[in-house]
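Written below as structure tokens is the structure these notes are about.
In full-length UniProt numbering, the protein residues as written are 1 to 374.
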């Protein structure tokens with residue numbers, strides 16, 4: 001029954017998307033001259049396929065990147081081929097002996113010209129290397145793994161949900177079906193508080209889970225990289241739903257007693273894409289601040305977002321999201337080239353906020369039980 005409903009919904013969405021690509025136009029064909037409708041106005045409906053919305057196309061992002069690259073390097077692309085052609089034509093007209101003799105005579109009798117040329121060459125090479133974007137290296141990363149007493153299988157998850165007396169049998173059966181087709185294994189972790197009979201969606205429980213997962217991931221990261229917390233110059237933390245005051249980034253700075261001039265950013269309300277946005281922000285900060293380290297922390301609070309109601313659309317996140325956190329150490333120091341795991345080459349992201357369906361994909365509101373959910 002669920003499969004049939006899913007197929008019907010997919011067909012309906014396909015038909016709706018097809019209608020969005022079509023446009024209709026009413027055409028006045030004038031007065032009918034013959035037939036049963038002679039003397040009356042006649043109209044026809046013309047159906048045309050609309051042009052694609054290029055402004056919303058992801059491919060347009062790459063076109064813009066190519067255009068900006070062409071404009072930024074236009075002077076090099078225009079002058080270098082001309083200089084190469086002129087130099088080739090000049091050198092090609094001389095033999096090897098004539099070329100060597102000409103260079104030797106110029107060096108002996110026109111030393112000022114040679115020194116000027118050498119100074120211009122050194123200056124040009126220096127400006128080129130100084131204006132190049134700094135390479136961004138990923139030194140190492142860490143993913144928090146909770147203790148085994150928080151591990152639950154799919155069957156244990158359903159039994160714990162039943163014991164919490166928060167769900168009826170229909171909701172439990174629905175979550176069981178979602179878990180079966182979700183691809184989630186039997187070694188995932190959840191906070192204990194979500195299976196209790198009390199309300200787990202509190203600031204206290206959210207802060208407790210945040211400190212557990214973030215500090216666990218960062219402790220492992222600093223141990224792996226042998227980097228002191230005071231050496232970090234940029235800190236970016238992203239968590240979509242849980243945004244307390246003081247912020248999560250302030251919690252990290254206070255816990256590790258980081259330096260006072262650290263560049264700290266806390267991203268919220270941006271969904272799962274905030275991970276890419278955080279890396280993009282850290283890259284920009286490293287480009288503007290040489291010889292520095294940046295830490296990017298990505299997480300989400302399971303307990304604070306737990307939904308104990310019966311709305312099936314709201315029960316789906318209960319089945320997919322689990323406890324965890326990741327921390328990444330980035331560097332723009334050239335000496336870190338040898339020990340880095342990766343180097344950041346390209347980062348492309350497209351903002352789909354202009355699309356109404358994307359805009360309403362994740363939202364926070366107050367349900368009938370008086371608690372905020374997404």
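Cβ coordinates follow ideal geometry from the N, Cα and C atoms, glycine included.
- The beta-carbon separation of residue 270 and residue 305, rounded to 15 Å, does not stay under the 8 Å limit for a contact.
- Between the region 203-216 and the region 259-278, the count of Cβ pairs shorter than 8 Å is below three; the stretches do not touch.
- Between residue 349 and residue 276, the gap from beta carbon to beta carbon is short of 7 Å.
- Annotation: residue 294 is outside any alpha helix (DSSP H); the continuous beta strand (DSSP E) that includes it extends over 293-299.
- DSSP places residue 302 outside both helix and strand once states are collapsed to three, so it counts as coil.
- Just measuring C-alpha positions, the residue of 184, 230 and 195 sitting nearest residue 159 is 195.
- With respect to the 7 Å criterion, residue 179 and residue 154 are classified as neighbours on the basis of their beta carbons.
- DSSP places residue 136 in the uninterrupted beta strand (DSSP E) bounded by 136-143.
- Residue 293 is positioned such that its CB atom lies closer than 7 Å to that of residue 232.
- Approximately 4 Å separates the beta-carbon atoms of residue 256 and residue 229; this is inside 8 Å, confirming the contact.
- The three-state reading of DSSP puts residue 257 in coil, since its state is none of H, G, I, E or B.
- In this structure, the CA atom of residue 174 is about 37 Å from the CA atom of residue 279.
- Counted as a single uninterrupted DSSP element, the alpha helix (DSSP H) harbouring residue 163 occupies residues 154-163.
- For residue 237, there is no enclosing alpha helix (DSSP H); the residue is part of the beta strand (DSSP E) that begins and ends at 232-238.
- Between the region 312-327 and the region 212-219 there are three or more inter-stretch CB-CB distances shorter than 8 Å, so the stretches are counted as touching.
- A distance below 7 Å separates the beta carbons of residue 342 and residue 138.
- Secondary structure note for residue 279: its alpha helix (DSSP H) is the uninterrupted segment 274-288.
- In the structure shown, residue 340 falls within a coil segment according to DSSP collapsed to helix, strand and coil.
- The secondary-structure analysis by DSSP pairs residue 189 across a beta bridge with 151.
- Assigned with DSSP and collapsed to three states, residue 265 falls in strand.
- About 25 Å separates the beta carbon of residue 359 from that of residue 182, a gap too long to meet the 8 Å contact definition.
- Residue range 325-331 is occupied by the beta strand (DSSP E) that includes residue 325, with no alpha helix (DSSP H) assigned at that position.
- Looking from the CA of residue 318, the closest CA among 133, 157, 62 and 77 belongs to 157.
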